[in-house]
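Quick notes on the structure that follows.
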Ligand code: NAD
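In my numbering, the protein residues as written are -17 to 347.
Here you go:
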């Protein structure tokens, strides 16, 4: 066991079916008076209904698309200014939550948003709080200090304590409408977080516990949630697994799987979780060691390779992209070079070289 580690966590977590109905209680308890809801278009009606019931909600911004753009965040900030919000409620998947984090963190900033995007300037700690309400079970964004934002053809993961939500409400009933393929993509995103949180060079014992339990729950529940989206118990377990995986990688950071997912998303248009799943089983093979053996056994497999077989089966079942041909990749070396340039690659426990990446992608022809 590692004898030295640090663990920082400040997000209040409210978990449970129907917990979203207690939002007013939370707003009252902490004395918030003017809230803006930043939400996924799918939840526009729900957000408007919430605003009708709860008068402290003064504005709803629902124009957040998947892989959010900096320009949309600028528009959301303008809407926020019209009501001078004292809290931002994020209702949606990772895209809505990450956008809300930016709006809240930049509330009192007078500088160009691009200075923060390119991290030329630190975020101010005089921000307003975010209450994150995830509607997918995948990103764990509700408990991370990370925001993944796109600007033109660039996708950046920006990490800053200013992004940590004040609270999150994890209510699995909000995930019942996620379509099967998206359910699988999000579930494999959470699985990537759990595994990378476990094997990152920054791994530590508390996160090991979260990761192991998360992998076990995902392996036991993801297929059921995919087959029957209305299975609330499977949805509960997936929301919990995603939360645990978020708590894990929030401390340890992700590694090579996420590093490779960025060029696959930006250049080949793969949704984030699908891009992670694309190389996940390959990195399990690369990183297999005694610790991973132990995790596999905890999750119900006799060894890591058996776990990779299950991941491959799930990807096939959901018709996710599994080959370079499916993904439209022709220039293997070009892709490998871009993956190697991603900072997160350094967090992988085995040193990743260009040769390893080229061999990995050749194995996905
Ligand atoms: P998303 O927020 O991009 O949403 C994907 C699609 O699902 C959208 O079309 C949306 O309308 C739909 N959707 C969301 N909830 C739904 C529901 N309950 N019912 C029906 N449809 C629903 O998806 P995501 O996977 O949650 O988030 C992906 C984003 O999060 C990416 O930008 C990724 O890079 C980022 N991310 C952030 C972190 C972090 O820690 N901040 C971690 C991982 C990923």
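Note that the Cβ used here is the ideal one computed from N, Cα and C, for glycine as well.
All figures in this text were calculated on a predicted structure; none of them were measured in a lab.
Worksheet item: For residue 129, which beta-bridge partners are listed by DSSP?
Response: 140
Practice prompt. Answer yes if the region 102 to 114 comes into contact with the region 163 to 170, meaning at least three C-beta pairs across the two stretches below 8 Å, and no otherwise.
Written response: no
Worksheet item: Sorry if obvious, but does the Cβ on residue 48 come closer than 7 Å to a heavy atom of ligand 1?
Response: yes
Worksheet item: Are there 16 or more other CB atoms within 10 angstroms of the CB of residue 345, so buried, or fewer, so exposed?
Response: exposed
Practice prompt. Say yes only if the C-beta of residue 2 is nearer than 7 Å to one or more non-hydrogen atoms of ligand 1, and no if none qualify.
Written response: no
Item to complete: Quick one: grab the DSSP three-state call for residue 98.
Response: helix
Worksheet item: Quick one: what's got a C-beta closer than 6 Å to residue 114's C-beta in the same chain, skipping five residues either side?
Response: 72, 79, 124, 147, 150
Item to complete: Please confirm whether any heavy atom of ligand 1 lies closer than 7 Å to the CB of residue 128.
Response: yes
Worksheet item: Where does residue 46 sit, in a helix, a strand or coil, going by DSSP?
Response: coil
Worksheet item: Between the beta-carbon of residue 232 and the beta-carbon of residue 182, is there less than 8 Å?
Response: no
Worksheet item: What span of residues does the alpha helix (DSSP H) with residue 116 cover, start to end?
Response: Not the alpha helix (DSSP H): residue 116 falls in the beta strand (DSSP E), residues 112 to 116.
Discussion item. By the three-class DSSP mapping on this structure, what secondary structure does residue 71 have?
Written reply: strand
Worksheet item: Is the beta carbon of residue 251 within less than 7 Å of some heavy atom of ligand 1?
Response: no
Discussion item. Measuring only the C-alpha atoms, how far is residue 189 from residue 219?
Written reply: 18 Å
Worksheet item: Are residue 65 and residue 155 touching if we call contact CB-CB under 8 Å?
Response: no
Worksheet item: For residue 60, does the three-state DSSP call read helix, strand or coil?
Response: helix
Worksheet item: Among 117, 97, 96, 60, which one has its Cα closest to the Cα of residue 89?
Response: 60
Item to complete: With DSSP collapsed to three states, give me the class of residue 149.
Response: strand
Item to complete: Would you grab the beta carbon distance between residue 62 and residue -5 for me? Rounded to a whole angstrom, and I think it's under 8 Å.
Response: Wrong, their Cβ atoms sit about 25 Å apart, outside the cutoff.
Worksheet item: Cβ of residue 187 versus every heavy atom of ligand 1: is any distance shorter than 7 Å?
Response: no
Worksheet item: Start and end of the alpha helix (DSSP H) containing residue 79?
Response: 76 to 87
Item to complete: Note the first and the last residue of the continuous beta strand (DSSP E) segment covering residue 365.
Response: Since the first and last residues shown for the chain are -17 and 347, residue 365 lies out of range.
Fill in: residue 241 - DSSP class collapsed to helix/strand/coil
helix
Item to complete: May I have the straight-line CA-CA distance separating residue 10 from residue 284, to the nearest angstrom?
Response: 50 Å
Practice prompt. Let me know if residue 234 comes out buried or exposed under the rule of 16 or more other beta-carbons within 10 Å of its beta-carbon.
Written response: buried
Fill in: Beta-bridge pairing of residue 41 - partner residues as DSSP gives them
18
Practice prompt. Determine the extent of the alpha helix (DSSP H) in which residue 222 is found, giving its start and end residues.
Written response: 214 to 234
Discussion item. Buried or exposed, going by whether 16 or more other CB atoms sit within 10 Å of the CB of residue 295?
Written reply: exposed
Practice prompt. Taking 8 Å as the cut-off, decide whether the C-beta atoms of residue 16 and residue 67 are in contact.
Written response: yes
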